[in-house]
Amino acid sequence: MSISPFTTLESPLTSSWSPTNSYPDVATWMSGYSNRLWPRDPQPQLWSKFQVWEWLQQVMDINQIDASSVPFQNFDMDGHQLCGLSYQDFIHAADSAGPVLFHSITELKWSVDFSCSFSEVSYPPADLYSPSLPPIAPIASLTPSSPDIKRSLSRQVKKHNPRGIHLWEFIRDILLNPEWNSGLIKWEDRAEGVFRFLKSDAVAQLWGKKKNNISMTYEKLSRAMRYYYKREILERVDGRRLVYKFGRNARGWRESDM
DNA sequence: TAGGTGTTTCCTGATT
DNA sequence: CAATCAGGAAACACCT
1 MSISPFTTLE SPLTSSWSPT NSYPDVATWM SGYSNRLWPR DPQPQLWSKF
51 QVWEWLQQVM DINQIDASSV PFQNFDMDGH QLCGLSYQDF IHAADSAGPV
101 LFHSITELKW SVDFSCSFSE VSYPPADLYS PSLPPIAPIA SLTPSSPDIK
151 RSLSRQVKKH NPRGIHLWEF IRDILLNPEW NSGLIKWEDR AEGVFRFLKS
201 DAVAQLWGKK KNNISMTYEK LSRAMRYYYK REILERVDGR RLVYKFGRNA
251 RGWRESDM
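Written as structure tokens, this is what we have:
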């Protein structure tokens, strides 16, 4: 069986998606997929090992993949580690099920930001979960005494985690998910890592949403981007407005990494 | 508790 | 003219 990287876009769960109509469907997907089918901590980065395991089980069930075909021991990690895996890592760890798992976790990583932004920007009152709502953690009740779960819960209570994803990773992930990108940022030269902001204000708002900072602007976001030049995470692209280029210290953006 | 990191905020000036 | 770009400086919120 051979599965292309984004095969799950055609799966029953996401069949209502289409690249040209992604805004409303993100909301549809969020309310159904994440809130009903995935009643867990919405931030996979915060999952415990147990929650990673639960996610693995559910993805296998829903996609009707024989669970015995995937070595679960390869996923003996917490959510933070899971979110750091590349597409290739998933192939190594789960073989033909890798793409499905990769896409699932990628969707989950993005669901919070996009559902919140799109529900406010694109539609009137949508009662998708917002950062102000209490965390959903029914899974915790399964093993309330588990140290991992306790740790996970205590982290949820701690407001949120501004020290989560870095800005350049956030930008990179938008670029790598064109289905949800909706024309926010576009590759100018995919092989060289050159990209351009198409909707600078929207990206800034999204970043602000991520950091729970409604006063974020492109002006401020771009200052942070400029600090990356010295660290060689970005390279300067002269004379071209809104254009940046990944530098030697930026990881995970190359096609060969996927 | 101090020092470090990664921004965030503000600002002045130059460029497009 | 408005939007960006360039960085310096300082404030901030974690983290070690």
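Read in full-length UniProt numbering, the first sequence has 6 at position 6, and its numbers run on one by one without any break.
Where a beta carbon is used, it is the ideal one built from N, C-alpha and C, also for glycine.
Legend entry - Pairwise C-alpha distance: residue 79 and residue 48: 6 Å
Inset, instruction - Using 10 angstroms around the beta-carbon of residue 283, count the other beta-carbons present and answer buried if the total reaches 16, otherwise exposed. - result: Outside the displayed span of the chain (1 to 258) sits residue 283, for which this structure offers no information.
Legend entry - residue 170 and residue 210 closer than 8 Å at C-beta: yes
Legend entry - Extent of the continuous alpha helix (DSSP H) run through residue 230: 218-231
Legend entry - Whole-angstrom distance between residue 173 and residue 192, CA atom to CA atom: Cα to Cα, residue 192 sits roughly 16 Å from residue 173.
Legend entry - Paired residues, beta bridge with residue 234 - DSSP: 246
Legend entry - Residue environment, residue 256, which counts as buried when at least 16 other CB atoms sit within 10 Å: exposed
Legend entry - C-beta contact flag for residue 44 and residue 82 at 8 Å: The criterion of a C-beta distance shorter than 8 Å is satisfied by residue 44 and residue 82.
Inset, instruction - Taking only the alpha-carbon atoms, compute the straight-line gap between residue 85 and residue 167 and give it to the nearest angstrom. - result: 18 Å
Inset, instruction - Sort out for me which residues DSSP pairs residue 185 with in a bridge. - result: 197
Inset, instruction - Measure the beta-carbon distance from residue 60 to residue 70 and round it to whole angstroms, keeping in mind my assumption that it falls under 8 Å. - result: Confirmed, Cβ separation roughly 7 Å.
Inset, instruction - Quick one: grab the DSSP three-state call for residue 173. - result: Residue 173 carries a helical assignment under DSSP once its states are collapsed to helix, strand and coil.
Legend entry - residue 181, buried or exposed, once every other Cβ within 10 Å from all chains shown has been counted against 16: buried
Inset, instruction - Please determine, among 65, 225 and 110, the residue with the shortest C-alpha to C-alpha distance to residue 206. - result: Comparing Cα-Cα distances from residue 206 to each of 65, 225 and 110, the minimum goes to 110.
Legend entry - Rounded straight-line distance, which links the Cα of residue 254 to that of residue 241: 23 Å
Inset, instruction - Can you tell me which of the three DSSP states residue 239 falls into? - result: coil
Inset, instruction - Give me the Cα-Cα distance between residue 244 and residue 68, rounded to the nearest whole angstrom. - result: Approximately 44 Å, taken between the alpha carbons.
Legend entry - Nonlocal neighbours in the same chain, by C-beta distance under 7 Å from residue 232, ignoring five residues either side: Counting only Cβ-Cβ distances below 7 Å, and skipping sequence neighbours, we find 247, 248 and 249.
Inset, instruction - Using a threshold of 8 Å, state whether the C-beta atoms of residue 203 and residue 197 are closer than that. - result: yes
Legend entry - Buried or exposed by the 16-neighbour rule on C-beta atoms within 10 Å, applied to residue 227: exposed
Legend entry - For residue 79, three-class secondary structure by DSSP: Here residue 79 sits in helix by DSSP.
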